[in-house]
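**Student:** FYI, the numbering used here numbers position 263 of the sequence shown as 527, with every residue one higher than the one before it.
All C-beta atoms, glycine included, are put in the ideal place defined by N, C-alpha and C.
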Amino acid sequence: MCNFSHKQKYDMIFSLLENHNDLFANSIPLIASENVTSPAVREVMLSDFANRYAEGWPGERVYAGCKYIDEVELECMELAKKLYGAEFADVRAISGVVANLVIYSAFTSPGDIMMCMPISVGGHISHGKKEYHGTAGLVHGLGIESFPFDKDNMNIDIDKTINKIKKLENNKIPKLAMFGGSLFLFPHPVKEISDILKEYNIHINYDAAHVAGLIAGKQFQDPLKEGADTMTMSTHKTLFGPQGGLVLSHNKYGENIKKATFPGMTSNHHIHHMAAKAITFIEALEFGQSYAKDIINNAKTLAETLNELGFNVLGEKNGFTKSHQIVIDVTKYSDGGKAEVELERSNIIVNRQLIPGDIKAGRNYFNPGGIRLGVSEITRLGMKKSEMKQIAEFIKSVIINKKEPTKILNKIKLFRNNFQTVRYCFDNKTKAYEYVKVK
Ligand code: DSN
Numbered sequence: 265m266c267n268f269s270h271k272q273k274y275d276m277i278f279s280l281l282e283n284h285n286d287l288f289a290n291s292i293p294l295i296a297s298e299n300v301t302s303p304a305v306r307e308v309m310l311s312d313f314a315n316r317y318a319e320g321w322p323g324e325r326v327y328a329g330c331k332y333i334d335e336v337e338l339e340c341m342e343l344a345k346k347l348y349g350a351e352f353a354d355v356r357a358i359s360g361v362v363a364n365l366v367i368y369s370a371f372t373s374p375g376d377i378m379m380c381m382p383i384s385v386g387g388h389i390s391h392g393k394k395e396y397h398g399t400a401g402l403v404h405g406l407g408i409e410s411f412p413f414d415k416d417n418m419n420i421d422i423d424k425t426i427n428k429i430k431k432l433e434n435n436k437i438p439k440l441a442m443f444g445g446s447l448f449l450f451p452h453p454v455k456e457i458s459d460i461l462k463e464y465n466i467h468i469n470y471d472a473a474h475v476a477g478l479i480a481g482k483q484f485q486d487p488l489k490e491g492a493d494t495m496t497m498s499t500h501k502t503l504f505g506p507q508g509g510l511v512l513s514h515n516k517y518g519e520n521i522k523k524a525t526f527p528g529m530t531s532n533h534h535i536h537h538m539a540a541k542a543i544t545f546i547e548a549l550e551f552g553q554s555y556a557k558d559i560i561n562n563a564k565t566l567a568e569t570l571n572e573l574g575f576n577v578l579g580e581k582n583g584f585t586k587s588h589q590i591v592i593d594v595t596k597y598s599d600g601g602k603a604e605v606e607l608e609r610s611n612i613i614v615n616r617q618l619i620p621g622d623i624k625a626g627r628n629y630f631n632p633g634g635i636r637l638g639v640s641e642i643t644r645l646g647m648k649k650s651e652m653k654q655i656a657e658f659i660k661s662v663i664i665n666k667k668e669p670t671k672i673l674n675k676i677k678l679f680r681n682n683f684q685t686v687r688y689c690f691d692n693k694t695k696a697y698e699y700v701k702v703k
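#1: Determine the burial state of I543: buried for a count of at least 16 other Cβ atoms within 10 Å of its Cβ, exposed for fewer.
#2: So does H388 have its beta carbon nearer than 7 Å to some heavy atom of the ligand DSN?
#3: Relative to the alpha-carbon of I590, which residue among R609, R616 and D414 has its alpha-carbon at the smallest distance?
#4: Measuring only the C-alpha atoms, how far is C330 from V362?
#5: Going by the C-beta, is S269 closer than 7 Å to any heavy atom of the ligand DSN?
#6: Any idea which residues DSSP pairs F443 with across the strands?
#7: Thinking C-alpha only, which one of N299, N520 and I377 is nearest K439?
#8: So if DSSP puts F413 in a beta bridge, which residue, or which two residues, is it bridged to?
#9: Please report the residue range of the beta strand (DSSP E) in which F371 lies.
#10: Enumerate in chain order the residues of its own chain whose CB-to-CB distance from E641 is below 8 Å, with the five nearest sequence positions on each side excluded.
#11: Between H467 and E351, is the Cβ-Cβ spacing less than 8 Å?
#12: Quick one: is the Cβ of Q473 within less than 7 Å of any heavy atom of the ligand DSN?
#13: Starting from T565, trace the beta strand (DSSP E) both ways and give me its first and last residue.
#14: On the DSSP bridge assignment, give the partners of F352 in chain order.
#15: Would you decide whether Y348 is buried or exposed? Buried here means 16 or more other CB atoms lie within 10 Å of its CB.
#16: Note down, in chain order, each residue of its chain lying with its Cβ closer than 6 Å to the Cβ of E319, except the 5 sequence neighbours on either side.
#17: Can you determine whether any heavy atom of the ligand DSN sits closer than 7 Å to the C-beta of G360, and answer yes or no?
#18: Quick check: is any heavy atom of the ligand DSN less than 7 Å from the C-beta of S446?
#19: So P382 and I420 are in contact, right, with Cβ under 8 Å, and what is the actual spacing, rounded?
#20: Ordered along the chain, which non-local residues of its own chain (more than five positions away) have a Cβ less than 6 Å from that of A441?
#21: Mapping DSSP to helix, strand and coil, what is G401?
#22: Could you give the distance in angstroms between the alpha-carbon of F450 and the alpha-carbon of I426?
#23: Going straight from the alpha carbon of K273 to that of V614, what length do you get?
#24: Based on the DSSP secondary-structure assignment, which residues constitute the bridge partners of Q617?
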């Protein structure tokens, strides 16, 4: 863009944005960490709340002009508490990573140890060690101990974890245990491990970023009832809201969380996103159960069909998945990096994924052994069982049959025609990927 005038660059950026919307209107979006918001949430994000400052807590702001913002934020907190059956909610964290940093700051000090899932088997980068530039190590100086992982069950190994905690030397006892992660097929054993964690005075946080919509829809697990002290999440994955974070807890942790959030982790939170979270919580209270049920059924159908078609779908021992995710070991045909690129050429959008065994086999994040698929967005567009079967066939033709990906582009565009509106919401005037002009 270097030789263009400012106005040409300005116009170019707008056409790139429109092209992007057009791409997604004609794609099969299977990124497990993404979703599409309702027209109502989009409208909120265009409101003047986007331009305001409201540092602090409602009623205690350090700026004037916040009277309507305060009303919305108080309601937003009530809705979050109702949705998750929590005593306390702080809706200000601007992302899932910031929500986790709030927990690190409120309940640990640099040099303390956190026990969590390693990144190599699906842990999130915000739980990572300093040497991998993970947030916990790099930003808060936490040392990391891993939960032992059971490859066959694709889950935390309960017995080995309990034994590990009992054998840890005193100076290695974690201050914090972090459940949750990026590769998340089955509910984590919070209930089974929380007693021993409590015995050692270990604070338990559950990072629900991926599964927040499934928990809200009562189709996964209920971490705060199973022993978690606090729960963090992002608000835009299976929970179909704006990009942002949320921290929930029992009442006794509320004050610590409030202070760690402001002034600790944020000066101004993103007020338009906060209001959009409120609308999302209402949508989830109204439509969340049927949405979460449909997600889980769709994921199961897609996983089973991919397996029948010859793919090595992980988690077979437990029925492949109980979440929105499916993970495929593609090493028989390709690697995760190449598979991601080939699928994208046919407008099937997935991401490559490190899977258990990759590091030992010398594979890395750029060319790992797996791909991860998520069905949250296609479910929100109204797709059901027959569409899952068709999508599995499309994936097979690219990865197993090695069909030239661009040859199925038209079929995929046609397939997408009937799924252009967002479901599980109140208002539907604007299409899911319609480019809205304001200027
Ligand atoms: N890294 C994202 C994922 O799990 O896809 C979330 O931050």
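**Tutor:** Answer, in terms of the structure:
#1: Per the 10 Å Cβ criterion, buried.
#2: H388 Cβ: within cutoff of the ligand DSN.
#3: Nearest option by C-alpha distance: R616.
#4: Inter-residue distance for C330 and V362 is about 23 Å (C-alpha atoms, whole angstroms).
#5: Outside the cutoff, so no.
#6: F443 is bridged to Y470.
#7: Ranking N299, N520 and I377 by Cα distance to K439 puts I377 first.
#8: According to DSSP, which records beta bridges pairwise, F413 is partnered with I420.
#9: Looking at the DSSP string, F371 is not in any beta strand (DSSP E); the run it does join, the alpha helix (DSSP H), is G360 to F371.
#10: Cβ neighbours of E641 within its own chain (closer than 8 Å, five residues either side excluded): P293, L294, I295, E298, N299 and V300.
#11: Going by beta carbons, H467 and E351 fall outside the 8 Å limit.
#12: Strictly speaking, residue 473 in this sequence is Ala, with Gln absent from that position. With a threshold of 7 Å, the Cβ atom of A473 counts as near the ligand DSN, since some heavy atom of the ligand is closer than that.
#13: Counting along the chain, T565 falls outside any beta strand (DSSP E), though it belongs to the alpha helix (DSSP H) covering I535 to E572.
#14: S513, per the DSSP bridge assignment.
#15: Counting Cβ neighbours within 10 Å, Y348 comes out buried, since at least 16 surround it.
#16: Apart from sequence neighbours up to five positions away, the residues of its chain that approach E319 with a beta-carbon distance below 6 Å are V326, S531 and N532, ordered along the chain.
#17: Taken from the Cβ of G360, at least one heavy atom of the ligand DSN lies inside 7 Å.
#18: Indeed, a heavy atom of the ligand DSN lies less than 7 Å from the Cβ.
#19: Their Cβ separation, rounded to whole angstroms, is 11 Å, which puts P382 and I420 out of contact at 8 Å.
#20: Taking C-beta separations shorter than 6 Å and ignoring five residues to either side along the sequence, the partners of A441 in its chain run M379, L461, I466 and I468, following chain order.
#21: Per DSSP, reduced to three states, the secondary structure at G401 is helical.
#22: Cα-Cα distance, rounded: 19 Å.
#23: Note on geometry: alpha-carbon atoms of K273 and V614 lie some 30 Å from one another.
#24: BP columns for Q617 point to G634.
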